[in-house]
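Engineer: One line per chain: the protein sequences are E and R, in this order.
Numbering-wise, the first sequence is residues 2 to 48 according to this note's numbering.
Numbering-wise, the second sequence is residues 116 to 826 according to this note's numbering.
The structure that follows is given in the form of structure tokens.
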Amino acid sequence: MKDQLFSDFLFSLIKDEEDRELLKLLLEKKDKEEIIKILLKDKVGNK
Amino acid sequence: MIKFDYKLEQDFKSRQETFKPLIPKELPDIALIEAPNAIGKSALLNILALGLFGAKNKAIHNLLREKIRDLLDSDSQKLTFNFEISNEKNNLRILSKKSDPKNKSISVKLIKDGKEETLSSETFNVDFKLVYDIPIEPIGRLKGLPQELREQQNRIGERAMQLNLGLGSLIEEIKKSRDPNLISKLQEEKKRIKSNLEKLENRFKNNKNLLFQLKKYTYSKFFISYQDRLKLIRKEIRELDKESKNIKSEKIKIKKEDSEFLEMADNEIYEIRNKISEVFSILKKLLPKEKQCLEVWQDMDVESVLMEAEEKDVMSKEIEYFENKLNQILRSQDESKQLEASFFRKLINLLKDYRELNIIIPGVKRSISDFIEILQEKFAPFELFESKLDGINKILENLDSIKVQRDNFIKNIAKKVKGIKGKRGKTILDTEEPIVDLNKQKIHRLRVDEGLTKSKAGELKNNLIKINFDPEGIDISELYYSVSNSKEIEIFKYLGEEELYNKINDLDSEQKIIKGEINKKEYREKIIEKEIENMKKKKVHKYRLQLNYIDGLFKKTQRLFQKIGVEFQKNLNNLIEQEIDKKSLTPEQNEYFKRIGVYLAKRLKVIPYIDQEYKLKEINVLDDQIITDTEEIIPFSFFSTGQAQSAYLKGLIESTEGRKLIVFLDDVSTMDKKSMKPIIEKMRNLYKKGDLVAGIIAQKSDKEIRVTSLI
């Protein structure tokens, strides 16, 4: 769904690995709730 | 398929005209409309763009956007329309309708896979990308390619910000939810406060008792002392009175300055005598075994000793003796104990100045007032020790001061006094000095002293009454005797009058502070109880244990937004507004513009120039140049209008960002077939892949209206 050229452009500028993870989600998903859910998906089980 | 109909009424003041479509109302998915001017090509594209939220679409050139907005805003025209864009490949239909000419509202619906959904500008732009363009200043707009990038970049920046806000709200939610850690921390704090409260209350109670004892001791001691002194003064006055009546020889004629000198000498004697008596009361406590020496000290006839002016007299010997004894005591004290006591006292005094500060002391993790409590407990065993040392030092100071005054007296005063008094009885005829009665002079001074002493005794009497011991009804000596033997008073017995009053004041102030502390702690205890109660009513948030992780994410998204949404956007804005000073760019900014150049080159891939196509390596947006894969550099200005427009349009439709494209291109007559070819091919490819839903290219023609399908 994402524009690969645009993604490559941003990835070429964001070097930090953790920031790139987040950027990947921002490029793939539009909805913040969905992104938060993904980010916390594996975390709830660790209670 | 694009099906449409519209009615546009325009009011030209002198006449009114109604426009309806002259172009066929059904168009293929990608249509080329060729027609002469004033047939309604632009009107159709403006209406279609309006029906697809073009009036708010910042990616559309200002000139076109104004025309789209005019359709709605102008008072001189009334518009109704209805159109449908359907695309089989995507199994979707977009229906847009404006049925009321007076009302600006437009209804836009999407029917996809049989499901109907009403679209807003925001939801439309999530799934669709409307490209509406007209060749205007094509070379200048080649430079404007980054504008498209700005929109995309802004969207990601916005998403980062939205995600950041979402995480912020989540953090707030978690913080407001039940926090088991906070509950146990609050419970611990409550426990600590309770224990501190107990300590404070005990301290308050003990201090209250101590203060009472101290007042009893101080007031009774000095009441008795002033009463005794009063008796002595009165006795002396009586004796002097008697002497004055019996002997008349004390009347002498002397000079005024001699008379003043005698008065000064008398005052000196009086002062030394008072100091001796003050020192005696404490020496008695410090050196109880030295009875004989103490008796000599107490019974010493100060005036006679001073007037005899011997180099080694009883006073100097006694002072030397006591000084030696007291220094011996000082030397025998444990030095490390002295240091420890001094450390605690100084630390407590320092902390007391900051007790109002609401800080927790690192290491001990206690508030200042709690820490003072702990230190005071530690200091308690040193109190008597310190008080004794202070008493010794004070007495040594006083002895030294007596010694200095005595030395001065015998050296500079005694001889002269003897000289003046030697004139007693002699008549000095050649002077007119007044007759001075030495006895009367002494009596006068004693009367003044009597008044002061009486007033002091009166004050002390009032103080005693305030603590319920009226000297009229109670034996104050008995009171003093009983209180001076109490254990609490032990630490104060080496203190002089002034120090004792200071102690009373200090204790009074401390009591007020302790009371304030107690009130504060009781209030905090209530607040904590309430907080625990409220917290217990809440539910635990499912992400409670992930709070730190979420907090980390919050910071990361903030950083990312700052980078993409602020820093990168600022760079792009400056580039678009041509406000870049190439010389002052940071390495990061240079890197950014370089990346833009590579990105745009990848988007355009090839560019027609003169009679061939060049593969692109980079578009240097700072220098307005194109760099080919063979390292040829072609400035933007070398491109013809059609070539530049072609490159620009290709750039526009090249990026879909996962959205479905709808492309309207108006008046492409400035572009020749060669320049149009890559655009049409691109549109066709996108259509085949299902990425282009509909497209219309309008071109001026002098012939009849002709619609051609470009599929």
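Backbone N, C-alpha and C define an ideal beta-carbon position, used for all residues, glycine too.
Rounded to whole angstroms, what is the Cα-Cα separation between K765 of chain R and E263 of chain R?
Structural biologist: Cα-Cα distance, rounded: 12 Å.
Engineer: What alpha helix (DSSP H) runs, 4 residues minimum, are completely inside the stretch 303-371 of chain R?
Structural biologist: none
Engineer: Pull up the distance between the alpha-carbon of I543 of chain R and that of E438 of chain R, whole angstroms please.
Structural biologist: With a pLDDT of 44 at I543 of chain R, under the threshold of 50, the modelled position of this residue cannot be trusted, and the question is left open.
Engineer: Using the Cβ count rule (16 or more neighbours within 10 Å means buried), how would you classify G810 of chain R?
Structural biologist: By the 10 Å Cβ count, G810 of chain R comes out buried.
Engineer: Taking only the alpha-carbon atoms, compute the straight-line gap between N620 of chain R and L326 of chain R and give it to the nearest angstrom.
Structural biologist: 9 Å
Engineer: What is the DSSP secondary structure of R184 of chain R, counted as helix, strand or coil?
Structural biologist: helix
Engineer: When the cut-off is 7 Å and only beta carbons count, does K16 of chain E lie next to chain R?
Structural biologist: no
Engineer: What does L282 of chain R reach in chain E if we use C-beta pairs closer than 9 Å?
Structural biologist: K33, I37, L40
Engineer: At the level of alpha carbons, what is the spacing between N508 of chain R and K346 of chain R?
Structural biologist: Answer to the nearest angstrom: the Cα atoms are 31 Å apart.
Engineer: What is the DSSP secondary structure of D20 of chain E, reduced to helix, strand or coil?
Structural biologist: helix
Engineer: Examine chain E for any beta-carbon lying closer than 7 Å to the beta-carbon of Q262 of chain R, and answer yes or no.
Structural biologist: No, Q262 of chain R lies away from the interface with chain E (no Cβ there is under 7 Å from its Cβ).
Engineer: Express the C-alpha separation of A529 of chain R and N554 of chain R in angstroms, rounding to a whole number.
Structural biologist: 18 Å
Engineer: Per DSSP, V822 of chain R is paired with what?
Structural biologist: R:I148
Engineer: How about V246 of chain R and I768 of chain R: do their beta carbons lie closer than 7 Å?
Structural biologist: yes
Engineer: Within 7 Å (strictly less), CB to CB, does S13 of chain E reach chain R?
Structural biologist: yes
Engineer: Tell me the rounded alpha-carbon separation between K404 of chain R and N442 of chain R.
Structural biologist: 16 Å
Engineer: Q704 of chain R versus chain E: which residues are under 8 Å apart at the beta carbon?
Structural biologist: Contact annotation for Q704 of chain R against chain E: no contact, minimum CB-CB distance about 11 Å [criterion: below 8 Å].
Engineer: How would you write the range of the beta strand (DSSP E) that D126 of chain R sits in, first residue to last?
Structural biologist: That run of the beta strand (DSSP E) goes 117-126.
Engineer: Tell me which residues of the stretch 752-770 of chain R have at least one Cβ-Cβ distance to chain E shorter than 7 Å, keeping chain order.
Structural biologist: S770
Engineer: In whole angstroms, what is the alpha-carbon distance linking Q845 of chain R and E435 of chain R?
Structural biologist: One cannot answer for residue 845 of chain R here, as it falls past the ends of chain R, which runs 116 to 826.
Engineer: Quick check on DSSP: helix, strand or coil for K48 of chain E?
Structural biologist: Because the pLDDT at K48 of chain E is just 39, under 50, the model does not fix this residue reliably, and the point stays unresolved.
Engineer: Ordered along the chain, which non-local residues of its own chain (more than five positions away) have a Cβ less than 6 Å from that of I226 of chain R?
Structural biologist: R208
Engineer: Distance cutoff 7 Å, beta carbons only. Does A275 of chain R sit that close to anything in chain E?
Structural biologist: yes
Engineer: Using a Cβ-Cβ cut-off of less than 9 Å, give me the residues of the stretch 655-674 of chain R that come near chain E, in sequence order.
Structural biologist: K657, Y658, R659, L660, Q661, Y664, I665, G667, L668, K671, T672, R674
Engineer: Output the distance between the C-alpha atoms of D17 of chain E and P295 of chain R, rounded to the nearest integer angstrom.
Structural biologist: 35 Å
Engineer: Quick check: the Cα distance between E287 of chain R and L668 of chain R, rounded to an integer number of angstroms?
Structural biologist: 14 Å
Engineer: Counting only C-beta atoms, is R265 of chain R closer than 7 Å to chain E at any point?
Structural biologist: no
Engineer: With DSSP as the reference, please indicate the residues paired to L776 of chain R in a beta bridge.
Structural biologist: R:K244, R:L807
Engineer: So that I know if they touch, is there some Cβ in chain E lying closer than 7 Å to that of I742 of chain R?
Structural biologist: no
Engineer: Could you tell me whether the Cβ of E29 of chain E comes closer than 7 Å to any Cβ of chain R?
Structural biologist: no
Engineer: Pull up the DSSP beta-bridge partners for K212 of chain R, would you.
Structural biologist: R:N197, R:S222
Engineer: Does the contact criterion of 3 or more C-beta pairs under 8 Å hold for the stretch 147-154 of chain R versus the stretch 116-126 of chain R?
Structural biologist: no
Engineer: Once DSSP output is grouped into helix, strand and coil, what is the label at E637 of chain R?
Structural biologist: helix
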